[in-house]
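Enquirer: Before anything else, here's the structure in question.
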Amino acid sequence: MKIMTTKLLAIVVAALILGVTVSCTAGGKSMPKDAAGLTRADVSELSLRQEFNRYREHYEEMQRVLAAAQRAVHEGEWDWNGGDDNPQIGGDGRTPLPGADVDNSYFLESSRAWTPEGATGSRGDLDRMIDYFEHRGANMHIERIADTYYLDGSVRDGWHVEYFIQPSGRYSLTVSSDLFWTNNADALARAVFGRASLRWPDRSSPGEYPEPPEWDAPIINRPRI
Numbered sequence: 046m047k048i049m050t051t052k053l054l055a056i057v058v059a060a061l062i063l064g065v066t067v068s069c070t071a072g073g074k075s076m077p078k079d080a081a082g083l084t085r086a087d088v089s090e091l092s093l094r095q096e097f098n099r100y101r102e103h104y105e106e107m108q109r110v111l112a113a114a115q116r117a118v119h120e121g122e123w124d125w126n127g128g129d130d131n132p133q134i135g136g137d138g139r140t141p142l143p144g145a146d147v148d149n150s151y152f153l154e155s156s157r158a159w160t161p162e163g164a165t166g167s168r169g170d171l172d173r174m175i176d177y178f179e180h181r182g183a184n185m186h187i188e189r190i191a192d193t194y195y196l197d198g199s200v201r202d203g204w205h206v207e208y209f210i211q212p213s214g215r216y217s218l219t220v221s222s223d224l225f226w227t228n229n230a231d232a233l234a235r236a237v238f239g240r241a242s243l244r245w246p247d248r249s250s251p252g253e254y255p256e257p258p259e260w261d262a263p264i265i266n267r268p269r270i
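In my numbering, the protein residues as written are 46 to 270.
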């Protein structure tokens, strides 16, 4: 009886292990995870409303990453370079996401700029941003293209920071995400655009930004065909 019980237990354990393996893999291959750690299978179970709310979480995370990078070099106001609340076309990302295309993925991006008094694009004007990366133990890359210095790197999983300083004294900061899975990129973009105010400030301090659109907000914009 004891032998039978032991064999039965072994069979049950083996079945459970097999079940877990199958649920975690497809055809023996691991399923690619997006910038938020979800697989396409995970996202396939989400409704458009749930995806919309997920987009809002990503947007607010982007603003936190942006604000931290801004404060590293300038606590004052920054100029906006247009709106930043619409999902961007996916497919090709900073970090490859196998299987991603323009229909099933998207990313987010936001930019700000400022003009320090007397700035001329000196290499030393990168120092504060370099300190910001080094303090976090983050990898970065610095390159000079013509007279413009370019610094980029990842300060946390799924998010990238780029900083340009130009001889004109115009310094630009951009934060972008890796790709996120979606069931229908066009449907999500329409849902966001339709509810977006399409208004943004000319200037704002780090951490200040309009609230992203909410699902329960009325549809106020229609795409032009």
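We put the CB at the ideal spot given by N, CA and C, even for glycine. All of these numbers come straight from a predicted model, not from anything done at the bench.
Under three-state DSSP, which class holds I175?
Expert: Correct three-state label for I175: helix.
Enquirer: Use the C-beta contact count for G169: other C-beta atoms within 10 angstroms, 16 or more gives buried, fewer gives exposed.
Expert: It counts as exposed.
Enquirer: Excluding five sequence neighbours on each side, which residues of the same chain lie with their C-beta closer than 8 Å to the C-beta of I264?
Expert: Correct list, in chain order: G239, R240.
Enquirer: Taking contact to mean 3 or more Cβ pairs, one atom from each stretch, closer than 8 Å, check whether the stretch 155 to 164 and the stretch 121 to 136 are in contact.
Expert: The stretch 155 to 164 vs the stretch 121 to 136: in contact.
Enquirer: Buried or exposed: N271, going by 16 or more other Cβ atoms within 10 Å of its Cβ?
Expert: This structure gives no information on residue 271, because the portion of the chain shown stretches from 46 to 270.
Enquirer: On the premise that F97 lies in contact with W260, defined as a C-beta separation below 8 Å, what is that separation, rounded to the nearest angstrom?
Expert: Contact holds; Cβ gap of about 5 Å.
Enquirer: Hey, quick one: how far does the beta strand (DSSP E) through V110 stretch, first residue to last?
Expert: Unbroken run through V110 is the alpha helix (DSSP H), 93 to 118; no beta strand (DSSP E).
Enquirer: Could you tell me if R267 is buried or exposed, where buried requires 16 or more neighbouring beta carbons within 10 angstroms of its beta carbon?
Expert: That one is exposed.
Enquirer: Using the Cβ count rule (16 or more neighbours within 10 Å means buried), how would you classify G135?
Expert: So G135 ends up on the buried side.
Enquirer: Check for me: the beta strand (DSSP E) holding G198 runs from which residue to which?
Expert: That run of the beta strand (DSSP E) goes 193 to 201.
Enquirer: When you compare only the Cα positions, how much space is there between D172 and Y104?
Expert: Cα-Cα distance, rounded: 28 Å.
Enquirer: On a Cα-Cα basis, can you pick out the residue from L142, D192, G166 that is closest to G214?
Expert: Residue G166 is the option with its Cα nearest to G214.
Enquirer: Report the residue from R189, D192, S199 whose alpha carbon sits nearest the alpha carbon of Y177.
Expert: Checked all of R189, D192, S199; the closest Cα to Y177 is S199.
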